[in-house]
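As you go down the protein sequences, you meet chains B and E in turn.
When you number the first sequence by numbering that gives the first Met the number 0, it's gap-free, plus one each residue, and the end is 382.
When you number the second sequence by numbering that gives the first Met the number 0, it's gap-free, plus one each residue, and the end is 263.
Reviewing the structure listed below.
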Amino acid sequence: MNFELTDEQKAVQQMVREFAREEIVTKAAIYDEKAEFPWEIIHKLADLGLLGIIIPQEYGGAGMDYISYALILEEFGRADASIALTVESHNSLAANHIYLAGTEDQKQRYLVPLARGEKLGAWALTEPEAGSDASSIKTTAVLEGDHWTLNGSKSFITQGSVAGICVIMASTDRTLGKKGISAFIVERETPGFRIGRKEDKLGLRASDTAQLHFEDARIPKENLLGQLNQGFIDTLRVLDGGRIGIASMAVGIARAALEDSLKYAKERVQFGQPIASFQAIQWKLADMATQIDAARLLVHQAAFLMDKGKRVTKEASMAKLYASEVAMRATVEAIQIHGGYGYIKEYPVERYFRDAKLCQIGEGTSEIQRLVIARQLLGREIS
Amino acid sequence: MKIIVCLKQVPDTAATIKVKPDGSGVETEGITYVINPYDEFALEEALRIKERLGEGEVTVITLGPPKAKEALRTALAMGADKGVHLSDPAFEGGDSYATAKALARAIQGLPYDLILCGKQAVDDDAAQVGPAMAELLGLPQACVITKLEIDANRKKAVVHRQIEGASEIMEVSLPAVFTAQKGLNEPRYPSLKGIMGAKKKEIAEHNPSSLGLSPEEVGLAGSKVKILKLSPPPSRATGKILEGEPREQASQLVKLLREEAKII
Ligand SMILES: Cc1cc2nc3c(=O)[nH]c(=O)nc-3n(C[C@H](O)[C@H](O)[C@H](O)COP(=O)(O)OP(=O)(O)OC[C@H]3O[C@@H](n4cnc5c(N)ncnc54)[C@H](O)[C@@H]3O)c2cc1C
Chain B
0 MNFELTDEQK AVQQMVREFA REEIVTKAAI YDEKAEFPWE IIHKLADLGL LGIIIPQEYG
60 GAGMDYISYA LILEEFGRAD ASIALTVESH NSLAANHIYL AGTEDQKQRY LVPLARGEKL
120 GAWALTEPEA GSDASSIKTT AVLEGDHWTL NGSKSFITQG SVAGICVIMA STDRTLGKKG
180 ISAFIVERET PGFRIGRKED KLGLRASDTA QLHFEDARIP KENLLGQLNQ GFIDTLRVLD
240 GGRIGIASMA VGIARAALED SLKYAKERVQ FGQPIASFQA IQWKLADMAT QIDAARLLVH
300 QAAFLMDKGK RVTKEASMAK LYASEVAMRA TVEAIQIHGG YGYIKEYPVE RYFRDAKLCQ
360 IGEGTSEIQR LVIARQLLGR EIS
Chain E
0 MKIIVCLKQV PDTAATIKVK PDGSGVETEG ITYVINPYDE FALEEALRIK ERLGEGEVTV
60 ITLGPPKAKE ALRTALAMGA DKGVHLSDPA FEGGDSYATA KALARAIQGL PYDLILCGKQ
120 AVDDDAAQVG PAMAELLGLP QACVITKLEI DANRKKAVVH RQIEGASEIM EVSLPAVFTA
180 QKGLNEPRYP SLKGIMGAKK KEIAEHNPSS LGLSPEEVGL AGSKVKILKL SPPPSRATGK
240 ILEGEPREQA SQLVKLLREE AKII
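Below you can see the structure in the form of structure tokens.
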């Protein structure tokens, strides 16, 4: 057992921490207020290799391990969770799906530009009528000669309006339910592919979220990603990695809440003493710190097993469930510690609170995580 | 073109520094260390020169404890080619002179066309290692530079120096020692690939004997200046809020500035 980070892991953590401090933190409130996609920062991320973190070097990525990935996303979560979500969904969902299921030709054509950060990726499963019950998606793909024809709509798609390359899940055999779902690589310029409404969100406002519409969109036959009708199985594997990402981001948000609270509690004087001297405040801080460490340990456990090549469905779900609940609690307490100042936009804790909420919803709600964990515990026969 | 960059690992400029109760040094617990910011300008300039010329080699050199290797790794991750680490308990506690002497000796054993340093290290602010090293190596020097242009034949350089109220432009024959000032460039961050590649790059280790120096010539023993004691700066007195009508406040203020602050 060894809790020590390697030299590379420490170096990556330090680099991203400094980058976030210099280039992100001071701008987060502005991008949030304007709900603007931070292209300027994204281009810098691309230059540093942060859009291909877990993709091997042979495909243009940095070839780093999941522990490093978790460390990076924690730092982004701490600085600006919108950036964390952008980096996470691009890396874990879009790029990783192509890496896990793509042919060599698909990897050269689509994974390389994603990993190099020349294009952004989006990954679309959710539909207006299929959220938690993702296997009931209604988007269809029909093979017609040398191409697939896609019809349907996707909702809440991160990078929906800014991505150059999208991975789209569609039903290829309605009679087979989740065993009739396949994945497709769809380029932005595809005729019949239209970007719909951009969502106006509670939090993560600098992350792009949009609807996608397919009206007889024609996709080359060879853009089927993975085996026909195996899309849902690949999706679950992709989400294992994604949940480690969301969990890391949640730990980062919770840490932001704690760090700001510590600072404020020492500075704010009431009844002639810093509020940090009141036991009621101390207990909040102690609980926040303890839960954050516990959450991080769950995240690093899942990342460690992932690096060992193990299946981490249960561990990733546990990390995501626990870390997102911790982030929510910590950000609520951070506002409480800041009092009225926590409720206004002059202090960033209200943003942490708004951003944290998504961690309990995206890539499977907390309810669905419990379902996944229970299923792993009980086995298939019960559920 | 072979460029040598000297760098020092220092406490992060954002860290709060506490002096040890006995005044013998500063508390190191919980402090993160970084490359001295001025040395980063020097390194960035070296990397840009190499990139501009399309050839060359950047060697980074540091004198410091084993932990200082992190600074070399960061520099290698940013793009430097090789590292040299002067690491031995005998080097510890040295002043600017002892440090410059050891660095100069290590540099004498390397090929170079240009040596770049930061104008000063932000921990002790002595600003002497660069110039002292130039003297020991018998090289021309220009300190606190904000611009550096290498001549086409690579025999000389034109540098801009910040001086009081003006900028001084100098032509210097190479090889030379230049110390970097803020404004020279905007240092890059190490990329992920750079970090992954850094572990494969070579770092040469030196102790006094491998440099042909005796233990008495380095570190505290070889120093001309000894630090007797460190003490924290006096804590700032709390501010005063003047009360009353503007007219009364103004006369109180003048009185305080004259009698207490003694600045008018
Ligand atoms: C900002 C943002 C970004 C997103 N990005 C993406 C993306 O990039 N790609 C993508 O495909 N999707 C994305 N999503 C969609 C997200 O994954 C879904 O919103 C999520 O899975 C929940 O689905 P739903 O919104 O339809 O809620 P529903 O499934 O309708 O759930 C409503 C409530 O019912 C509960 N519930 C549902 N079923 C059960 C059950 N069996 N047992 C107990 N409780 C249950 C849920 O937990 C929840 O509390 C994003 C969403 C948001 C808000």
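Built from N, CA and C at the ideal position, the CB exists for glycine as well.
Between which two residues does the alpha helix (DSSP H) containing residue i stretch?
i, result
"B/MET248", "230 to 266"
"B/MET317", "312 to 337"
"B/SER365", "365 to 377"
"E/GLY129", "128 to 136"
"B/GLN226", "Segment: none, B/GLN226 is in no alpha helix (DSSP H) and carries neither H nor E."
"B/SER135", "First-last for B/SER135: undefined, no H or E at that position."
"B/THR404", "Outside the shown range of chain B (0 to 382) lies residue 404 of chain B, about which nothing can therefore be said."
"B/ARG295", "278 to 306"
Which residue's Cα is closest to the Cα of residue i: the options?
i, options, result
"E/LEU75", "E/SER209, E/ASP150 and E/GLU201", "E/GLU201"
"B/LYS319", "B/ILE53, B/HIS299 and B/ALA285", "B/HIS299"
"B/GLY151", "B/GLU35, B/ASN90, B/PRO127 and B/ILE274", "B/PRO127"
"B/LEU201", "B/ARG369, B/LYS43, B/CYS358 and B/ILE23", "B/CYS358"
"B/CYS165", "B/THR102, B/ALA94 and B/ASP215", "B/ALA94"
"B/PHE183", "B/GLU198, B/ASP172, B/GLY176 and B/PRO219", "B/PRO219"
"E/GLY78", "E/VAL176, E/THR237 and E/ILE3", "E/ILE3"
"B/LEU149", "B/THR157, B/ILE156, B/THR139 and B/GLN158", "B/THR139"
"E/LYS1", "E/GLU216, E/LYS19, E/ALA220 and E/GLU56", "E/GLU56"
"B/LYS262", "B/GLN269, B/ALA275 and B/PHE270", "B/ALA275"
Measure the C-alpha to C-alpha separation of residue i and residue j and round it to an integer number of angstroms.
i, j, result
"B/ILE180", "B/GLU349", "40 Å"
"E/ALA41", "E/GLN8", "14 Å"
"E/PRO65", "B/ILE52", "29 Å"
"E/ASP11", "B/GLY240", "33 Å"
"B/GLN56", "B/ASN222", "23 Å"
"E/LYS192", "B/ILE252", "27 Å"
"B/LEU211", "B/SER154", "7 Å"
"B/GLY225", "B/ALA246", "27 Å"
"B/LEU44", "B/VAL24", "14 Å"
"E/ASP87", "E/LEU212", "12 Å"
"B/ASP233", "E/ILE106", "56 Å"
"B/ILE372", "B/TYR98", "26 Å"
"E/ALA131", "E/ILE226", "19 Å"
"B/GLN375", "B/ALA302", "18 Å"
"B/VAL86", "B/LEU49", "7 Å"
"B/ALA333", "B/ARG379", "40 Å"
"B/ALA169", "B/ASP207", "22 Å"
"E/GLU148", "B/LYS118", "36 Å"
"E/PRO273", "E/ILE144", "There is no way to answer for residue 273 of chain E, as the model of chain E reaches only from 0 to 263."
Indicate whether at least one CB of chain B lies closer than 9 Å to the CB of residue i.
i, result
"E/ILE168", "no"
"E/SER190", "yes"
"E/ARG153", "no"
"E/VAL176", "no"
"E/LYS49", "no"
"E/LEU235", "Per the sequence presented here, residue 235 of chain E reads as Arg, with Leu not at that position. Chain B contact via Cβ: absent."
"E/ALA13", "yes"
"E/ALA197", "yes"
"E/ARG72", "yes"
"E/THR27", "no"
From what residue to what residue does the beta strand (DSSP E) around residue i run?
i, result
"B/MET63", "Here B/MET63 belongs to no beta strand (DSSP E), and DSSP marks it neither H nor E."
"B/MET168", "164 to 170"
"E/GLY82", "81 to 85"
"B/SER154", "146 to 157"
"B/ARG193", "192 to 197"
Against chain E, does residue i count as a neighbour if the rule is that its beta carbon must be under 9 Å from one of theirs?
i, result
"B/ARG20", "yes"
"B/ALA10", "yes"
"B/GLN300", "no"
"B/GLU74", "no"
"B/ASP7", "The residue you asked about is not Asp; residue 7 of chain B is Glu in the sequence shown. Yes, because at least one Cβ of chain E sits closer than 9 Å to the Cβ of B/GLU7."
"B/GLY251", "no"
"B/LEU47", "yes"
"B/GLY51", "yes"
"B/GLN272", "no"
Assess contact between the stretch 106 to 115 of chain B and the stretch 142 to 149 of chain B, defined as three or more Cβ pairs (one per stretch) separated by less than 8 Å. Is contact present? Not touching, per the Cβ criterion.
Answer yes if the stretch 45 to 62 of chain E comes into contact with the stretch 159 to 174 of chain E, meaning at least three C-beta pairs across the two stretches below 8 Å, and no otherwise. no
Taking contact to mean 3 or more Cβ pairs, one atom from each stretch, closer than 8 Å, check whether the stretch 121 to 135 of chain B and the stretch 188 to 195 of chain B are in contact. no
Please determine if the stretch 19 to 38 of chain B and the stretch 171 to 179 of chain E are in contact, where contact requires at least 3 C-beta pairs separated by less than 8 Å. no
Does the contact criterion of 3 or more C-beta pairs under 8 Å hold for the stretch 236 to 245 of chain E versus the stretch 94 to 112 of chain E? Verdict: no, contact absent.
Would the stretch 68 to 78 of chain B and the stretch 4 to 20 of chain B be scored as touching if the rule is three or more Cβ pairs under 8 Å? yes
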